[in-house]
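Here's the structure, in structure tokens; my notes come after.
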Amino acid sequence: MAELNQYLRITFNGTGALLPSGASAAIEQRDALTPNAGRGKVTAWRTHRGRRLPAYCLDQALQPVRRDDWVRAIFLDGVGLVVDEIQMLGRTEASVQPFTPLGPAPTPVGHLYNGAWVEGQRATLVLDPRALVAYLQGLGE
Numbered sequence: 000m001a002e003l004n005q006y007l008r009i010t011f012n013g014t015g016a017l018l019p020s021g022a023s024a025a026i027e028q029r030d031a032l033t034p035n036a037g038r039g040k041v042t043a044w045r046t047h048r049g050r051r052l053p054a055y056c057l058d059q060a061l062q063p064v065r066r067d068d069w070v071r072a073i074f075l076d077g078v079g080l081v082v083d084e085i086q087m088l089g090r091t092e093a094s095v096q097p098f099t100p101l102g103p104a105p106t107p108v109g110h111l112y113n114g115a116w117v118e119g120q121r122a123t124l125v126l127d128p129r130a131l132v133a134y135l136q137g138l139g140e
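Numbering that gives the first Met the number 0 numbers the first residue of the sequence shown as 0 and each following residue consecutively.
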């Protein structure tokens, strides 16, 4: 079982973030997914236990975008995020400090970010898995 102080470092469309490794995640390669042929917000679909689960590609402002140069998606609780890179960080590699962003929360379960890992002049934000799932589910098809 993963320790709570372990993180997955993910990169999507040039944006880096951390995801707590305690979140139940499934990583799927592109060839295991069905590309969305339509014009909607969904990039691809994962079929799991007879259900179609959407995967979204987000830009740096966390808005849905279409792109063809992706290779994998990470799925959390029935919804996926297209990512460019995924790396498990060791227990001692990231020292995360909790924080609450300013302004209203964009999801019913809270803010998308709930912590940060600061390395010198660079900060990497930590995604709250529940809020990320709620946000992605709210995007629609």
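C-beta: ideal position from N, C-alpha, C; glycine also.
(message) In the DSSP output, what is P19 paired with across the bridge?
(response) Y6
(request) Leaving out five residues on either side along the sequence, give the residues of the same chain with a beta carbon under 6 Å from the beta carbon of A104. (result) H110
(message) For the beta strand (DSSP E) containing Q86, name the first residue and the last one.
(response) E84 to L88
(message) For the beta strand (DSSP E) containing L124, name the first residue and the last one.
(response) R121 to L126
(request) Return the CA-CA distance between P107 and Q86, expressed in angstroms with no decimal places. (result) 29 Å
(request) Go ahead and pull the three-state DSSP assignment for L135. (result) helix
(request) Taking T123 as the reference, give the member of G139, A133, Y134 and P97 with the closest Cα. (result) P97
(message) Relative to the C-alpha of P128, which candidate in I73, V117 and T91 has its C-alpha closest?
(response) I73
(message) Please state the DSSP three-state secondary structure of R71.
(response) strand
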